[in-house]
Each structure stands twice: as structure tokens, then as C-alpha cells.
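Structure first, then comments.
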């Protein structure tokens, strides 16, 4: 049962599990994000040229083997699952292991799993609905697993013995933040002692590329020379994002229980402020005032002041509307400050591309690690800033700094905005 002390007991990140391009664990994640080392590569998941698509770069998971992450998973079960399910299950299990926990350490009914995915198993459905497949994708009992967006969470729950709330939400690119927000509610209410909150996305498909190319130039990058430079947020020469895939999950607990078992704590998650502008399905408020108000609500809910913010990890899609809206929001929140005095504002999209339903989880993980290491993470590929976005984007490499409070931003189609306030543990 919830009581007042639970609301005063901070929620903390004790584990980070990840399977991303070129990234097998939290050490790889921090190395790439902190050094601005892009994992975007030449697109080869599908033949874009044959499909007539001007897309040349994507962040793709390669050389994945689930057995090192899921050693107790029987081969006959794994054979029924898709690659996407196994990647997501691996990230979920890795988050628990990174927290120093294993199945049975916490009673199953006190463990919950909340995941986010904007499109679910789209690759499987695209394959299964191909007339040339001849019905084969539906030919065994595993088809039911492979076709459901919620199966990675459900199957991970079976693997880990999680008997609390197990669910998967879909809220486009703010879904990852929403998953963490639900985890906060579960922990603060006392319904759970451990929540594995994460996201998984596999959008590197011709069908998804066509959807974004339909918006015209400046949304999906057409960079053809150097794929590692395909994504350039806040830059004058931006041209959009690259598709990114994989899975990332956070292990969240109340601080008192984490300290009692001697856990390493990456950061505190102070508050989540979600909002819907209810204005336009594919655009966002370009004055910055709406986002600034949501940032202010997140800080107020956390009982923190704007002057304590030492880092803002942006959504940073390298699209004009997103870049301008974020930059203007910072100026609106910190009205009265010169641009040179605004807090550092970074993006990790150049590293892993746009991962949609997982993007907010990567942002929270990157923010937690920046607080843990007291290091500002750079915005890779930024050489010539857009004059309207010319603030401190930590161009040029990581920078040691004293960071007490940080904000993670997330935006989505459907007029959605989300802000997570976090703090050094």
C-alpha cells in the first residue's frame, strides 16, 4: 500500500540494458554517446536503390546472438520467436543484470515490465503479408508471438518471473518517456519494487522510409557520401534523420531499497511531465512557449529551479521544426538570459538515428549516464550551427562539468510533448 514516505523516496536508475547498433552493453552505450561516435552506417537491410528510394544510411543492429543475453532460454522456444523479440528480451534481461539482480531476488509479483514500441513487429507483418511467402510465416504456433507488439514484454516476463504489471504502450516518439512515467507511478504507489521500463523499435524497412519521404525533403536524410554524418541536429546543413533500430531498457527502483542492497545508482528520475498540444497532427508549437511550459511543470513537480538545470538532452531529430522548437523553448524557459548562458543542449540522434518508440528511453539512459559520469555529451556532426539554434550544443567532444539537474525532451506526431526531469544521485 502506498504511503507518504514512498512519494518522498526518489526513484532511481540502477540498471541499463541495451542492444543497439555497435552496442552490446551500457559500457558501449556510454562510450559512443560520450565520444560522439556515430553507429549509423551504409544502409543494407533492404535494397533502397531497387525500391527507388533516396535513402543510404541507417543505424542497424548486426552480429546479434541472443544466447549471451538469455542463457536460460531453451532453443525450442527461441526458434519460435523473431529476431526483434529476442533483441527486446535481451535488453530487458540485461537491465536487470546490470542492476545486480537476477530472477528470484525480488518476489515476482513485485516486478513489472513496461515497454514502448511505435510500430511493433512491422518487419514480420510486412514479410507475412508478402504474397510470395505462401502462408509459411503463419505455419507454426510461434506466429502468434511474432505478430504481437506486446510479446517481447510478455515473454521477457516469463523468462524473468515478473508477475506485476506487464504491458506495452504505443505513443509514437514520446512512448519511451511514457513507459518511464508509468514506471514512476508503479513505484511511487507501492505496487512494484522493480520496474523494467524500456522500448524496442525496428523501422529499417522500405515501407517506413516511404512514409517519411512522403513529407518531402528535410525529414529523412538522403546523405550518400558519409553515413556517419547523415544526422546533423541544430546544423545549418541539416537534412533530417536516419532510421535506427534496437532495444533499450532501464531498471528502476526506489532509492531506499537500492541503497539497502548496495546497488550502484546512475541517477534519480524526479518527474515526468507529458502534454498534448491538441493542435496539429504532424507539427508543433514553434514559439517554444508550449514546450517551455512543460519543462517548467516538470521542474515544479520535482521541486527544482530552472537555474539548477545543467544539461538538456534534446529530441534532436535534425529536422527544421524540431530544432527550432527546442532552441526557442530554451530561450522561453530561460527568458532574460543571453544565448551564451543557456544550459548545454545536446542530441544523441547522430549516434543511433531515430528510434521512435525507443527514443525517449535512450534519452533517459544517456541523461542518467551524463549525470553519473558528470560529463556533458556532445552533439556529433555539428560544424556550422543554424543561426537560430546557435547555443551550446557541446560540439567538439565531451566536457567534464558539475551537473545537478538535467532535462530529457521528447516530441511526437499527434501533437505530443514530454519532459523528464532527472538529478545526480
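Residue numbers (the UniProt record's numbering): 1 to 425.
Positions of the beta carbon are idealized from the N, C-alpha and C atoms, including for glycine.
Owing to the predicted nature of the structure, the values given are computational and were not obtained by experimental measurement.
1. So for residue 198, helix, strand or coil by DSSP?
2. Between residue 227 and residue 393, is the Cβ-Cβ spacing less than 9 Å?
3. Nearest-angstrom Cα distance between residue 431 and residue 151?
4. Just checking my contact of residue 366 with residue 313 at CB under 8 Å: how many whole Å lie between their CB atoms?
5. Assign residue 356 to one of three DSSP states: helix, strand, or coil.
6. Are residue 102 and residue 197 touching if we call contact CB-CB under 9 Å?
7. In whole angstroms, give me the CA-to-CA distance for residue 5 and residue 229.
8. Whole-angstrom Cβ separation of residue 297 and residue 422, contact assumed at under 8 Å?
9. So who's on the other strand from residue 253, going by DSSP bridges?
10. Which residues does DSSP list as the beta-bridge partners of residue 220?
11. Assuming residue 181 and residue 274 are in contact, meaning their beta carbons sit under 8 Å apart, how far apart are those beta carbons, in whole angstroms?
12. In the DSSP output, what is residue 115 paired with across the bridge?
13. So residue 411 is in the beta strand (DSSP E); what residue range does that whole segment cover?
14. Per DSSP, what kind of secondary structure is residue 178 in: helix, strand or coil?
15. Rounding to the nearest angstrom, what Cα-Cα distance links residue 66 and residue 75 in this structure?
16. What alpha helix (DSSP H) runs, 4 residues minimum, are completely inside the region 60-115?
17. Beta carbon of residue 370, beta carbon of residue 251: below 9 Å?
18. Tell me the DSSP secondary structure of residue 376 in three-state form.
19. Just verifying my parser: in three-state terms, what is the DSSP assignment at residue 272?
20. Taking DSSP as the reference, what is the three-state secondary structure of residue 295?
21. Assign residue 60 to one of two classes, buried (16 or more other C-beta atoms within 10 Å of its C-beta) or exposed (fewer than that).
22. With contact counted as at least three CB pairs below 8 Å, one residue from each stretch, are the region 330-342 and the region 353-367 in contact?
The structure says:
1. Locating residue 198 in the chain shown gives position 198, counting from the first residue. DSSP places residue 198 in strand when its eight states are reduced to three.
2. On the chain shown, position 227 is the one that residue 227 refers to. On the chain shown, position 393 is the one that residue 393 refers to. No. Outside cutoff.
3. Outside the modelled stretch of the chain, which goes from 1 to 425, sits residue 431, for which no answer is possible.
4. As a working note, residue 366 is residue 366 in the chain shown. As a working note, residue 313 is residue 313 in the chain shown. That pair is a contact at about 6 Å.
5. Within the chain shown, numbered from 1, the residue matching residue 356 stands at position 356. Look at residue 356 here: in three-state DSSP terms it is helix.
6. As a first step, residue 102 is located in the chain shown; it is residue number 102 there, counting from the start. As a first step, residue 197 is located in the chain shown; it is residue number 197 there, counting from the start. Not in contact: residue 102 and residue 197 (Cβ atoms no closer than 9 Å).
7. Here residue 5 refers to the residue found at position 5 when the chain shown is read from its first residue. Here residue 229 refers to the residue found at position 229 when the chain shown is read from its first residue. With a pLDDT of only 45 at residue 5, under the threshold of 50, the placement of this residue in the model should not be trusted; the figure read from the coordinates follows. In a straight line, the C-alpha of residue 5 is about 48 Å away from that of residue 229.
8. Residue 297 sits at position 297 when you count from the first residue of the chain shown. Residue 422 sits at position 422 when you count from the first residue of the chain shown. Rounded, the Cβ-Cβ distance is 15 Å, inconsistent with contact.
9. In the chain shown, the residue the question calls residue 253 occupies position 253. BP columns for residue 253 point to 12 and 194.
10. Within the chain shown, numbered from 1, the residue matching residue 220 stands at position 220. Under DSSP, residue 220 shares a beta bridge with 241.
11. Here residue 181 is taken as the residue at index 181 of the chain shown, counted from 1. Here residue 274 is taken as the residue at index 274 of the chain shown, counted from 1. Right, their Cβ atoms sit about 6 Å apart.
12. To locate residue 115, count along the chain shown from 1; it is residue 115. Per DSSP, 168 and 198.
13. Taking the chain shown and counting its residues from 1, the one referred to as residue 411 is at position 411. Counting along the chain, residue 411 sits inside the beta strand (DSSP E) bounded by residues 405-412.
14. To locate residue 178, count along the chain shown from 1; it is residue 178. Here residue 178 carries a helix assignment [DSSP, helix/strand/coil].
15. Taking the first residue of the chain shown as position 1, residue 66 is located at position 66. Taking the first residue of the chain shown as position 1, residue 75 is located at position 75. The alpha-carbon separation between residue 66 and residue 75 amounts to approximately 10 Å.
16. As far as the region 60-115 is concerned, its whole alpha helix (DSSP H) runs of at least 4 residues are 75-78 and 83-98.
17. Your numbering for residue 370 matches position 370 in the chain shown. Your numbering for residue 251 matches position 251 in the chain shown. The answer is no: Cβ separation not under 9 Å.
18. Position 376 of the chain shown, counted from the first residue, corresponds to residue 376. Strand at residue 376.
19. For the purposes of this step, residue 272 is identified with residue 272 of the chain shown, where counting begins at 1. Secondary structure of residue 272 (DSSP, three-state): strand.
20. Sequence index remark: in the chain shown, residue 295 carries index 295 (1-based). Helix.
21. Working through the chain shown from its first residue, we reach residue 60 at position 60. Residue environment for residue 60: buried (at least 16 other C-beta atoms within 10 angstroms of its C-beta).
22. At 8 Å Cβ cutoff, the stretches do not touch.
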